[in-house]
Each structure stands twice: as structure tokens, then as C-alpha cells.
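A.B. asks:
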Ligand SMILES: [Zn+2]
Ligand SMILES: [Zn+2]
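Residue numbers (our numbering): 324 to 436.
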């Protein structure tokens with residue numbers, strides 16, 4: 324499932340903290356403790372909203388990339404284990420670009436704000 328930050332609308336990243344799952348917004352730092360039903364599990368119906376723009380790119384994945392499970396699905400093979408990182412493409416005024424790379428097939432795509 325994808326959880327959006329209620330403050331800025333970014334996709335929140337699930338993190339394990341002391342046995343609990345906490346969703347952290349990579350953009351504004353907003354944190355929210357996951358409820359039981361928010362646990363990071365595979366949901367069968369993952370829809371992309373119309374604003375999603377998927378483009379194939381060949382950027383290198385930084386070591387800071389985090390592995391998402393059950394949050395984003397690879398549009399190519401359907402795997403839900405996907406690496407995620409953000410890149411400031413141009414000036415600091417430009418929105419961050421989100422990058423995803425499928426762990427299984429290596430397909431890489433990006434998503435603009
Ligand atoms: Zn936020
Ligand atoms: Zn894939």
C-alpha cells in the first residue's frame with residue numbers, strides 16, 4: 324500500500340523502529356506510527372493514479388536507496404520489492420524526483436511530483 328504524507332503529499336517510507344513500523348515522510352520529515360492495518364503487506368490491488376508518469380531511465384542507484392516491500396509495484400514484472408530513492412534534479416527550488424528500481428528484474432523508472 325502507498326501511504327501519503329498528510330502534510331505535503333509525498334509517499335511515506337515505512338521504517339522499522341523498535342519493533343514498530345513507522346511511516347516517515349522523506350520530504351518534510353512527518354512521522355506517523357503505523358496502525359495494525361497499515362502493516363507493510365502485499366495488497367493485491369495497486370492502482371496508479373492518473374498523475375503518475377512512468378518513464379524509463381538509467382540512473383545509478385545510490386547506496387542510500389531503501390528497499391520497499393509491498394508499497395510500489397514494478398510495472399513490468401509486478402514484483403513488490405522495489406528500491407526507492409529521491410534525487411534533486413536541478414535547483415533546490417525544483418521538486419524532488421522519485422526513482423524506483425525493481426529488485427527482481429532491474430526495471431527502473433521515475434516519478435515526478
Ligand atoms: Zn511530508
Ligand atoms: Zn520488475
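Backbone N, C-alpha and C define an ideal beta-carbon position, used for all residues, glycine too.
Does the Cβ of residue 387 have 16 or more other Cβ atoms within 10 Å, making it buried, or fewer, making it exposed?
C.D. replies: Walking along the chain shown from the start, residue 387 turns up at place 64. Residue 387 is exposed by the Cβ-count criterion.
A.B. asks: Use the C-beta contact count for residue 410: other C-beta atoms within 10 angstroms, 16 or more gives buried, fewer gives exposed.
C.D. replies: On the chain shown, residue 410 is found 87 positions in, with the first residue counted as 1. Classification for residue 410: exposed.
A.B. asks: Tell me whether residue 394 sits in a helix, a strand or coil according to DSSP, three-state version.
C.D. replies: In the chain shown, the residue the question calls residue 394 occupies position 71. The answer is coil: DSSP assigns residue 394 none of H, G, I, E or B.
A.B. asks: Between the C-alpha atoms of residue 400 and residue 339, what's the straight-line distance to the nearest angstrom?
C.D. replies: Taking the chain shown and counting its residues from 1, one reaches residue 400 at position 77. Taking the chain shown and counting its residues from 1, one reaches residue 339 at position 16. Roughly 27 Å between the two C-alpha positions.
A.B. asks: Using a strict less-than 5 Å threshold between each residue's beta carbon and the heavy atoms of ligand 2, what residues do you get?
C.D. replies: Taking each Cβ in turn, the ones that pass are 397, 399, 400, 402, 425, 427, 428, 430.
A.B. asks: Starting from residue 420, follow its DSSP beta bridges and name the residues at the other end.
C.D. replies: As a first step, residue 420 is located in the chain shown; it is residue number 97 there, counting from the start. DSSP lists 410 as partners of residue 420.
A.B. asks: Taking only three categories from DSSP, how would you classify residue 389?
C.D. replies: To locate residue 389, count along the chain shown from 1; it is residue 66. DSSP places residue 389 in strand when its eight states are reduced to three.
A.B. asks: Tell me whether residue 389 counts as near ligand 1, meaning its Cβ is closer than 7 Å to at least one heavy atom of that ligand.
C.D. replies: Counting from one through the chain shown, the residue named residue 389 turns up at place 66. For ligand 1, not one heavy atom lies less than 7 Å from the Cβ of residue 389.
A.B. asks: Determine the direct distance from the alpha carbon of residue 416 to that of residue 404, and round the result to whole angstroms.
C.D. replies: For this step, residue 404 is matched to residue 81 along the chain shown. For this step, residue 416 is matched to residue 93 along the chain shown. One C-alpha to the other measures close to 31 Å.
A.B. asks: Return the first residue and the last residue of the beta strand (DSSP E) that residue 336 is part of.
C.D. replies: As a first step, residue 336 is located in the chain shown; it is residue number 13 there, counting from the start. Unbroken beta strand (DSSP E) run through residue 336: 336-340.
A.B. asks: Ignore the nearest five residues each way along the sequence and tell me which others in residue 332's own chain have a CB closer than 7 Å to its CB.
C.D. replies: The residue given as residue 332 occupies position 9 in the chain shown. There are no such residues.
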